[in-house]
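In the UniProt record's numbering, the protein residues as written are 1 to 290. Where is the CB? At the ideal position from N, CA and C, for every residue including glycine. Keep in mind the model is a prediction, meaning the values are calculated, not measured.
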């Protein structure tokens with residue numbers, strides 16, 4: 001169960017990140033800042049000087065810091081410019097406190113795209129994990145002229161009753177191991193973390209009130225960018241029918257399964273993941289003029 005705890009919320013702070021913070025290597029390569037977007041101050045980290053810009057979108061309660069350390073540190077800085085942001089109410093993008101209205105994924109997608117525009121990026125690719133992958137799906141469907149390519153993993157376009165059972169099983173953070181709670185409690189404080197996680201469980205579960213548990217099913221056919229879907233065969237949070245559905249409904253998309261991967265496959269197998277993503281992003285695409 002500890003594996004489940006470490007997954008959807010982006011709780012698993014990799015050993016790469018811990019070592020980097022200890023030796024102050026990681027932040028030396030990144031520029032951090034805040035940008036006023038849609039009435040909130042969004043925190044972001046930026047690294048690299050490549051021509052291909054990539055936006056990294058974290059999972060539930062996640063941030064650039066907790067969710068993407070191995071990517072910000074190891075992805076080719078000469079080829080790529082990476083921007084990782086903290087969605088409103090998460091990480092350092094507070095205030096405001098996080099809430100979960102019915103359109104919170106669409107709100108996050110607009111925030112993400114508007115942040116990139118405010119930073120001066122006219123065109124970019126998306127890397128979205130878990131909730132960040134759902135946000136990426138909506139952003140790509142809504143902004144086809146802006147999104148070059150997209151990689152998503154641990155994501156879904158609808159919520160089933162099976163999903164809700166998984167979410168409810170990890171609702172009570174007091175049952176989590178101390179090792180899994182500590183990173184989030186250090187970032188948020190115990191009360192904010194506990195209350196926000198409970199709100200997230202309710203927020204993601206509310207989609208079961210929609211027909212077929214819909215989050216963004218109707219938007220998938222609108223996605224025109226080259227898309228790679230990655231799935232960990234041992235993912236305890238996202239059953240395999242979700243990536244299969246995405247692959248079937250996103251035109252021209254590809255599905256790559258990592259046999260030993262779990263929900264946090266980009267952290268646990270960061271070298272393999274980074275290589276796979278870099279190869280995909282640098283391949284010529286019929287959907288891109290870059």
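When the alpha-carbon of residue 159 is set against those of 140, 116, 213, 197, the nearest one is in 213.
Contact between residue 43 and residue 92 holds, since their C-beta atoms are separated by about 4 angstroms, short of 8 angstroms. Taken in chain order, the unbroken stretches of beta strand (DSSP E) that lie wholly in the stretch 82-156 and span 3 residues or more are 124-129, 147-153.
Counting along the chain, residue 204 sits inside the alpha helix (DSSP H) bounded by residues 190-205. Looking from the CA of residue 223, the closest CA among 87, 147, 189 belongs to 147.
For residue 222, DSSP records no beta bridge to any residue. Beta-bridge analysis with DSSP links residue 52 to 80.
With a contact defined as Cβ atoms closer than 8 angstroms, residue 258 and residue 265 qualify at about 5 angstroms. In this model, residue 116 and residue 122 are separated by some 8 angstroms (Cα to Cα).
Comparing C-alpha distances from residue 101 to each of 247, 206, 233, 221 shows the shortest one belongs to 206. A check of alpha carbon separations from residue 67 across 127, 231, 168, 137 identifies 127 as the nearest. In the assembly as shown, residue 221 is an exposed residue. Its beta-carbon has fewer than 16 other beta-carbons within 10 Å.
Under the 10 Å beta carbon count, residue 262 is surrounded by 16 or more other beta carbons and is classified as buried. Assigned with DSSP and collapsed to three states, residue 209 falls in helix. Unbroken alpha helix (DSSP H) runs of no fewer than 4 residues, entirely contained in the stretch 214-259, are found at 241-249, following chain order. Residue 98 and residue 285 have their alpha carbons spaced roughly 37 angstroms apart.
With the rule of 3 Cβ pairs closer than 8 angstroms, the stretch 249-256 counts as touching the stretch 226-233. In this model, residue 249 and residue 157 are separated by some 10 angstroms (Cα to Cα). DSSP lists 45 as the bridge partner or partners of residue 32. Nearest in C-alpha terms to residue 235, of all of 31, 30, 130, 86, is 130.
In terms of CA proximity to residue 119, 41 leads the group 203, 58, 41, 152. Residue 104 is a Cβ neighbour of residue 203, given a cutoff of 8 angstroms. The C-beta distance from residue 201 to residue 168 rounds to 7 angstroms, short enough to meet the 8 angstroms contact threshold.
Between residue 62 and residue 190, the alpha-carbon positions lie close to 15 angstroms from each other.
The beta-bridge partner set that DSSP reports for residue 40 consists of 37. Nearest C-alpha to residue 219 among 170, 50, 136: 136. Restricting attention to 46, 171, 33, the CA atom closest to the CA of residue 197 is found in 171. For residue 172, there is no enclosing alpha helix (DSSP H), as DSSP marks it with neither H nor E. Counting along the chain, residue 60 sits inside no alpha helix (DSSP H), nor does DSSP assign it H or E at all.
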